[in-house]
Structure formats: C-alpha cells, structure tokens
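With the working numbering applied, the sequence shown covers 4 to 457. Down below is the structure, laid out as structure tokens.
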Amino acid sequence: MSAYTNLLRTVALPAGSMLAGYRDVMPYLRGLEESQWWSPAEIRALQDRKLRRLVSHVYRNVPFYRRWMDEHSVRPKDIRSLDDLHLLPIVDKHVLVANYPDDMRDHSIPQDELIQAASSGSTGERLHYWTTKAQKAKKWAGLFRWWELTGWQFGQPYATFQLAPNQGLRGVPLLGNLEWLMLRHRWLSAAQMTDDVLAGYVERLRADQPVLFRSYTSTVYYLAEAMLRAGLQVAIPAILTTGETLSDYQRETIERAFEPGRVFNEYGGDGMQIACECERHDGLHINAETHIVEIVRDGEPVPDGELGEIVLTNLEATATPFIRYNIHDVGALNRTPCACGRGLPRLSRLEGRLTDLFVTADGHWLTVHQFTAFFARQVPSVQAFQVIQRTADDVLIKLVVDNSFNDADRQRIVDTFRGYLGPDNTFTLELVDEIPTTPSGKRRFFISEVIGNA
Ligand SMILES: [Zn+2]
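Put into structure tokens, the structure is as follows:
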C-alpha cells in the first residue's frame, strides 16, 4: 500500500466522511476486506446472526411485518437461520410501493434521519423507499470493496463514464470537488456520445491513465465499438461494468478496446450492491455479509446452478426493509469455493430481467444471450431480432437483416429455434425495418402473448 493510499484511508477519507455524516464507511470497509476471506461457514454464521437481529427488529418496528407475522403466527424466534427464511413472505416492488411511505418503514428511526430514495426505474414503475446515512455508508463500503477487487486502491486514478455524477460527497459544496481531486476521480459524461466527443474521451483516458474505469455496460460497450471502428485502444487495467446484463459478446468487444481479461462485471439494483466478479472472472461474488441471495421459481428454491429469480434480503436495511425481495432478475447460485480463496458465495449466471427470458411450453427458460450468441456467430446477416410467442406453439420471429441474408440463413434459424423450442412449434419469419423499443427506450427481445410476461 502506497503512502498516499494510506494517508487517504486513515486520515482524509475518515475526516471527509465524518464531515458529511457518513463516518461508518471506512470502518465498515475494513471489516469487509477481512470477512471476505472467512470460510463459507463463518460467513453463513454471520448471516444467521444478522438475520435474527433483523427479523426481531422489523417485527417490533415495521407495521407490515408485525401484521403479517401476527396473522401467520410466525414469531421472531421462529427465524433462527437462513433455513427458516421461507417462513416469511416473498415481496416485490409492488408490495413495497403499496405499503409506502408508512407501513413498510422502521418506526424506531426518527423522521429527520430518514432519507427518501428512489430506484432508477428503467423498467417502468419507480420504487421509492427510505434509507439512512448509516445504511448508505455501508452500501458505499460494499461498493468500495468491489472496486478493490479489481486491484484498484484509494489514491489511484479512476474514471466514471455515466450520465450524471452522483457518487461520494457531491451533494456537499466544495467537499465534493476536494474529494474528486484527492481521490483522482475523473467523470466523463455519457450524455453526449458523438464520435468527436468519444475521441476526446480516449485522449483524456490516455492522459489520466486511470487504473479503474466504471461504466454502465451499454455505454462502455458503445464507446468500445466506436474505438475499434476508429482503430483506437487504451490500456486500462480494470473495466467495471454495471447496471445492465453483460453478454459474452459485449465483454469481448470491451476487452479488445481496453485490455484482455480485465472486465469485471458488477451487479446491483434497487439501492443494493449485490455482487461482483473477482480476478478469476468465474461468477460474481455476493456481498454476503450484507445480503442473502435466494434463487426461486414459483416461490420455491431451485438447486444450485439452476436458473431462477433472484430474491434478496438486505441484512443491514431496516428504514425500508428488503426481506425476501424479488428483484425479478434471473440468475443461478454457486456455493462451491472460488479459486481466489474468498469465502463469499457466487452468482454463477446473471441473465438480466425476467422479461428477457423465453419460457417454453414445457417450462424451460431460454435466455436472450443464447439467441444473441447464435445470431452473432452463426447468422451475422441478422442485425436485430425479436421473438413473439403468439400461441403456445406458434412463434413469430421478427428480423432486421442486411443484404447477405439468404435461404440458408432462414433454414438455420428455423432449425435452431426448433431445437430450442421443440419440434411441434410453427415458426414464422418476418423481415422488418426495425424492432420497436419500449417507451423507456429498451428493446424487448421476447414477447409472450401466452403468459403475458409484460
Ligand atoms: Zn473469487
């Protein structure tokens, strides 16, 4: 650790955090840096302990849980470990919204300590919830641990490529600028991404030589594509992608523009830092000291390695509790040890939103990546696609194609879809000029008019 890193960690950052009211960040981060090396059994014991504390707290202080547990004759003492979690209900955004602002809130926290927060709501309905400075400090500590996982240390230059700068102490006049200067942070706006602007960013990155570059997946992918088109490359030791699913194809492109083997995918959502890749890039380590991850289908747990919906319990959040919160993302769990030696369990697969899945008649889940990989590798004449399940056995495949599209491509697509979806389906191919996007600008890959996965 360099002298400057040490000075930041022991003096400047604690002082800055203290001034802004977030004094827990550095002590909590030091704890996480240690506990990630604990054995899985030790981490599990910590989770059990925190879970018991959380449940007894929300029973006393959160009307929703008091009422629900009383009605279902569940007592706090019934929840002794993760094995008892199933006694509590799975909730989702709709439940939280319906019980906002008072029923799903910790009434032991004074009103003037509550901070109103909202999730980005890229999929429609915005989620409003309560948090506190102490909770936010712990969230930042979790985030900083992920950054450190990439090899970055405080004091080494880093850059953020996103729409709005919202990290750190920016809300505090002067302190925010000082913080950026001391932390050697460069923010590049993703608001305007013309080729000229992007070429300027490449110059900037070459001059700054950041050790870590953070960005939404689609924005850094866009930048990487523009760089490769222009024949540009910048060596940056770690690219941290977040906010959206990262496909293998996107990862390859980003690594070609920056550095091979150095893309770290991070996963968070609805105010939680959930998981991040380590240097082995073999799944995403879960922030298990603060979050329990369950994988379920139709409310029931699935075996490790199988895809299901991600259900989260935030062990540190009470202002608005997130207990068995179905975030409607899809992933699979891996509890085998990672070669890096960390005891944190992993998400072995992360497949985005439930709406990015195609559910076959016999209950198989097909992910959008299977299809994007197929088109990218085997039918490059297809520029974009959308699959619409019109009835249980009738599938419409809309395609945007270039001039090289031919009958062999057509046959390959039908054969592949038949292999995925079964021989009894009828497939109709329709060539279109474009695939319409949703009002929020997202492209839907799958639409089922059968199960209505809207
Ligand atoms: Zn690892």
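Built from N, CA and C at the ideal position, the CB exists for glycine as well.
Is the closest heavy atom of ligand 2 to the C-beta of H288 under 7 Å?
Among the ligands modelled here, namely ligand 1, ligand 2 does not occur.
Measuring from the CB of R283, is there a heavy atom of ligand 1 at a distance below 7 Å?
yes
Could you name each continuous beta strand (DSSP E) segment of 3 residues or more that falls completely within the region 314-371, going from the start of the chain to the end?
Segments of the beta strand (DSSP E) lying fully in the region 314-371: 328-337, 349-356, 360-362, 368-370.
Any heavy atom of ligand 1 within a distance shorter than 7 Å of the CB on C279?
no
Along the chain, where does the beta strand (DSSP E) that runs through K401 open and close?
397-404
Span of the beta strand (DSSP E), counted from its first residue to its last, around Q389
385-394
Coarse secondary structure for E437, derived from DSSP in three states
Coil at E437, not helix or strand.
Given that a residue counts as buried once 16 or more other Cβ atoms are within 10 Å of its Cβ, and exposed if not, what is K80?
exposed
Through-space distance from R349 to R338, alpha-carbon basis
6 Å
Would you say R265 touches ligand 1, meaning its beta carbon is less than 7 Å from a heavy atom?
Checking every heavy atom of ligand 1 against the Cβ of R265, none is found closer than 7 Å.
Please state the DSSP three-state secondary structure of V305.
coil
Under the three-state reduction of DSSP, which class applies to V205: helix, strand or coil?
helix
Rounded C-alpha distance that separates V61 from K142
20 Å
Just the Cα atoms here: how many angstroms apart are T375 and H294?
31 Å
Does the contact criterion of 3 or more C-beta pairs under 8 Å hold for the region 88-100 versus the region 321-329?
yes
Among D397, D105, R12, G334, which one has its Cα closest to the Cα of L369?
G334
Could you tell me which whole alpha helix (DSSP H) segments of length 4 or greater appear in the region 223-309?
251-260
Could you tell me the distance, in whole angstroms, from the CA atom of A457 to the CA atom of I391?
Confidence at A457 is low in this model, with a pLDDT of 38, below 50, so its placement is unreliable and the value that follows should be read with caution. If I take the Cα positions, the gap works out to 12 Å.
Residues in its own chain within less than 8 Å of Q381 by CB, not counting five upstream and five downstream?
Cβ neighbours of Q381 beyond the five flanking positions: R415, T419.
What would DSSP say about L11, mapped onto helix, strand or coil?
Residue state, collapsed to three classes: helix.
Buried or exposed, going by whether 16 or more other CB atoms sit within 10 Å of the CB of V435?
exposed
Could you tell me the alpha carbon to alpha carbon distance between R300 and I242, rounded to whole angstroms?
33 Å
CB R236 to CB A260, shorter than 8 Å?
Arg is not the amino acid found at residue 236; the sequence shown has Gln there. Going by C-beta atoms, Q236 is nearer than 8 Å to A260.
Using the Cα positions of Y161 and V77, report the straight-line distance between them to the nearest angstrom.
48 Å
In angstroms with no decimal places, state the Cα-to-Cα distance between A233 and E269.
28 Å
Would the C-beta of L352 count as close to ligand 1, meaning under 7 Å from any of its heavy atoms?
The sequence given here has Arg at residue 352, not Leu. No - ligand 1 has no heavy atom lying nearer than 7 Å to the Cβ of R352.
Would you grab the beta carbon distance between L318 and L54 for me? Rounded to a whole angstrom, and I think it's under 8 Å.
6 Å
Determine, using beta carbons only, whether P43 and M29 come nearer to each other than 8 Å.
no
What are the complete alpha helix (DSSP H) segments, minimum 4 residues, inside the region 86-163?
96-101, 136-152
CB-CB length for T256 against A229, believed under 8 Å:
No, T256 and A229 are not in contact; Cβ-Cβ is about 11 Å, not under 8 Å.
Bridge partners - F408, DSSP secondary structure assignment
DSSP output for F408 lists no bridge partner at all.
Would you say the region 184-199 touches the region 31-51, given that touching needs at least three Cβ pairs under 8 Å?
no
Let me check one thing: in DSSP terms, what residues is H188 bridge-paired to?
Y161
Is R345 near ligand 1 - that is, is its Cβ less than 7 Å away from at least one heavy atom of it?
yes
Three-pair Cβ contact test at 8 Å for the region 144-164 versus the region 214-221
With a cut-off of 8 Å, the region 214-221 and the region 144-164 count as touching, because enough Cβ pairs lie within range.
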